[in-house]
Amino acid sequence: METIITDPRISISAYKGEEQLPAIIALIQNDLSEPYSVYTYRYFLVNWPQHCYLAHASLDENLNEDDERIHLPEVLIHPEGRCVGVIICRLEPHHGSDILRGYIAMLAVAKPYRKRKIGVSLVRKACLNMKENNADEIVLETEYTNLAALSLYERLGFIRDKLLGRYYLNGVDAFRLKLYLK
Numbered sequence: 003m004e005t006i007i008t009d010p011r012i013s014i015s016a017y018k019g020e021e022q023l024p025a026i027i028a029l030i031q032n033d034l035s036e037p038y039s040v041y042t043y044r045y046f047l048v049n050w051p052q053h054c055y056l057a058h059a060s061l062d063e064n065l066n067e068d069d070e071r072i073h074l075p076e077v078l079i080h081p082e083g084r085c086v087g088v089i090i091c092r093l094e095p096h097h098g099s100d101i102l103r104g105y106i107a108m109l110a111v112a113k114p115y116r117k118r119k120i121g122v123s124l125v126r127k128a129c130l131n132m133k134e135n136n137a138d139e140i141v142l143e144t145e146y147t148n149l150a151a152l153s154l155y156e157r158l159g160f161i162r163d164k165l166l167g168r169y170y171l172n173g174v175d176a177f178r179l180k181l182y183l184k
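Okay, so the sequence shown: first residue is 3 according to my numbering, each after it adds one.
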């Protein structure tokens with residue numbers, strides 16, 4: 003599973019530290035329906051930093067495909083460029099068994115940067131990393147109404163494992179998706 007971003011102005015790098023947290027929170031709060039506390043982010047980023055990645059657009063990348071100015075909050079700008087995508091994962095034994103389960107907790111891409119293969123590249127990078135660390139399977143949940151997410155994950159080989167009724171705080175059902183690696 004290689005990353006497939008073809009735009010040289012977009013790069014993916016591993017999570018480096020707490021200084022990236024405001025950008026991560028800003029991206030995720032903008033895109034996901036669940037309100038997460040700072041402690042949720044830190045739970046993943048402190049315990050599994052090696053399974054978290056960010057996508058950056060170079061600072062000179064000011065125009066989108068329609069030649070409109072892209073305005074993102076200042077918090078998203080770092081020396082590496084604008085933070086335009088993030089994936090947060092963990093890898094641990096599943097309920098004390100011999101199964102090593104990866105979990106994709108959060109994935110977000112800034113709206114002006116969608117349709118550039120950033121999301122699929124982040125997922126591929128994270129899955130490859132977990133596979134290299136001996137994951138047996140990878141799971142995640144997504145709203146059953148999020149057809150774009152379902153399509154992305156299913157194209158990568160995830161299957162719908164279970165319907166979770168009223169899973170999210172907003173009352174929406176979710177699908178648990180699973181990718182078998184072994």
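Where a beta carbon is used, it is the ideal one built from N, C-alpha and C, also for glycine.
The region 163-176 touching the region 94-114, judged by at least three CB pairs closer than 8 Å: no
Paired residues, beta bridge with I6 - DSSP: Here residue 6 refers to the residue found at position 4 when the sequence shown is read from its first residue. The partner list for I6 (beta bridge, DSSP) is empty, contrary to what the question assumes.
Backbone CA spacing between L109 and L56 [nearest angstrom]: Against the sequence shown, residue 109 aligns to sequence position 107. Against the sequence shown, residue 56 aligns to sequence position 54. Distance between the alpha carbons of L109 and L56: 10 Å.
Range of the contiguous alpha helix (DSSP H) that encloses S133: Position 131 of the sequence shown, counted from the start, is the residue given in the question as residue 133. It should be noted that the sequence gives Lys, not Ser, for residue 133. Run containing K133: 120-134, per the alpha helix (DSSP H) assignment.
Cβ contact check for the region 170-177 and the region 125-141: 3 or more pairs under 8 Å: no
Candidates T8, A28, Y38, A25: closest to A107 by CA position: Position 105 of the sequence shown holds residue 107. Selected option, being the one with the closest Cα: Y38.
Under the three-state DSSP convention, the category Y2 falls into: Since the first residue shown for the chain is 3 and the last is 184, residue 2 is missing from the structure and cannot be characterised.
Proximity of L124 and I161 at Cβ, strictly below 9 Å: Residue 124 sits at position 122 when you count from the first residue of the sequence shown. Residue 161 sits at position 159 when you count from the first residue of the sequence shown. Contact flag unset, no.
Member of K180, V40, Q22, S35 whose CA lies at the smallest distance from the CA of C129: Stepping through the sequence shown from its first residue, residue 129 is reached at position 127. Looking at the Cα atoms, K180 is the closest of the given residues.
E70 - DSSP class collapsed to helix/strand/coil: By 1-based counting over the sequence shown, the position of residue 70 is 68. Annotation note: pLDDT 40 at E70 (below 50); position unreliable, coordinate value reported separately. Coil, per DSSP.
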